[in-house]
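Data block below; observations after.
Numbering (our numbering), first residue to last: 49 to 312.
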């Protein structure tokens, strides 16, 4: 049990190293879609290590507040460390589909690259709407397709060796379809619905700088890799290297997201 807890804690740290720069780049677009402003009460669902919550805190200022939640205790511990110095930031382990928070208690609900992992995204949006005050706004971001994902295309490779991963990967990108978020927001009862697409190419100093954190357990990619024998992991590593056309220097990895937002 102690070894499992240690692995989970390290995986959360590697997630931060593997993905924090990616999440951080897209957060300003999410905050803009949420119409975030000073003094607002914000709920950040599926906060991960607290990247969006930290950025939102700078916008709402001392008169606002942030509650950051995640289903993973290990992620919440990393978020707690990130937000520790802010007296108006609070963290809690919560299921985004069944929040224990009161009705109409927030001005804004954020969900940065998290809704696509919900077993029932529509149920999650209903919960977001429940905890929003009238006129409040929810904003979410999701990945679009595996070949425009920072690491989703690697999951497609791994899925050949991990039973069930192909289906899970497919679900992860289902919300990235052009009109899917708009339909879900409408079905959940939101109005003034907007969607947009943002993309960016990230430059990494080397293949190891990109792939190393995944090999050490970071993100869903790292968790899937950890379940495989060493020989298969080596083969996947070389396939990823070939796909990136690695020549020993910097590499570029593209990421595209879709943002959806709506008013309560």
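We put the CB at the ideal spot given by N, CA and C, even for glycine.
What is the DSSP secondary structure of residue i, counted as helix, strand or coil?
{"i": "residue 113", "result": "strand"}
{"i": "residue 242", "result": "strand"}
{"i": "residue 293", "result": "coil"}
{"i": "residue 310", "result": "strand"}
{"i": "residue 104", "result": "helix"}
{"i": "residue 83", "result": "coil"}
{"i": "residue 69", "result": "helix"}
{"i": "residue 317", "result": "One cannot answer for residue 317 here, as it falls past the ends of the chain, which runs 49 to 312."}
{"i": "residue 268", "result": "helix"}
{"i": "residue 208", "result": "coil"}
{"i": "residue 54", "result": "Here the model assigns residue 54 a pLDDT of 38, short of 50, so the residue's position is not dependable and the matter cannot be decided."}
{"i": "residue 125", "result": "helix"}
{"i": "residue 225", "result": "coil"}
{"i": "residue 146", "result": "coil"}
{"i": "residue 134", "result": "coil"}
{"i": "residue 167", "result": "coil"}
{"i": "residue 283", "result": "helix"}
{"i": "residue 98", "result": "coil"}
What residues match up with residue i in a beta bridge as DSSP calls it?
{"i": "residue 304", "result": "247"}
{"i": "residue 118", "result": "141"}
{"i": "residue 299", "result": "252"}
{"i": "residue 160", "result": "189"}
{"i": "residue 180", "result": "154"}
Could you tell me the alpha carbon to alpha carbon distance between residue i and residue j, rounded to whole angstroms?
{"i": "residue 235", "j": "residue 170", "result": "8 Å"}
{"i": "residue 123", "j": "residue 182", "result": "30 Å"}
{"i": "residue 205", "j": "residue 167", "result": "23 Å"}
{"i": "residue 244", "j": "residue 302", "result": "17 Å"}
{"i": "residue 312", "j": "residue 212", "result": "36 Å"}
{"i": "residue 74", "j": "residue 83", "result": "15 Å"}
{"i": "residue 160", "j": "residue 118", "result": "11 Å"}
{"i": "residue 191", "j": "residue 142", "result": "22 Å"}
{"i": "residue 298", "j": "residue 220", "result": "28 Å"}
{"i": "residue 283", "j": "residue 261", "result": "17 Å"}
Using a threshold of 8 Å, state whether the C-beta atoms of residue i and residue j are closer than that.
{"i": "residue 101", "j": "residue 81", "result": "no"}
{"i": "residue 154", "j": "residue 90", "result": "yes"}
{"i": "residue 173", "j": "residue 77", "result": "no"}
{"i": "residue 187", "j": "residue 307", "result": "yes"}
{"i": "residue 269", "j": "residue 300", "result": "no"}
{"i": "residue 64", "j": "residue 86", "result": "no"}
{"i": "residue 263", "j": "residue 276", "result": "no"}
In the DSSP assignment, find the unbroken beta strand (DSSP E) run with residue i in it and report its ends.
{"i": "residue 89", "result": "89-92"}
How far does the alpha helix (DSSP H) with residue i in it reach, from first residue to last?
{"i": "residue 220", "result": "213-222"}
{"i": "residue 275", "result": "Looking at the DSSP string, residue 275 is not in any alpha helix (DSSP H), and its letter there is neither H nor E."}
{"i": "residue 199", "result": "From DSSP, residue 199 is part of no alpha helix (DSSP H); its letter is neither H nor E."}
{"i": "residue 228", "result": "228-235"}
Cβ of residue i versus every heavy atom of the ligand FMN: is any distance shorter than 7 Å?
{"i": "residue 257", "result": "Ligands displayed in this structure: none; no statement on the ligand FMN is therefore possible."}
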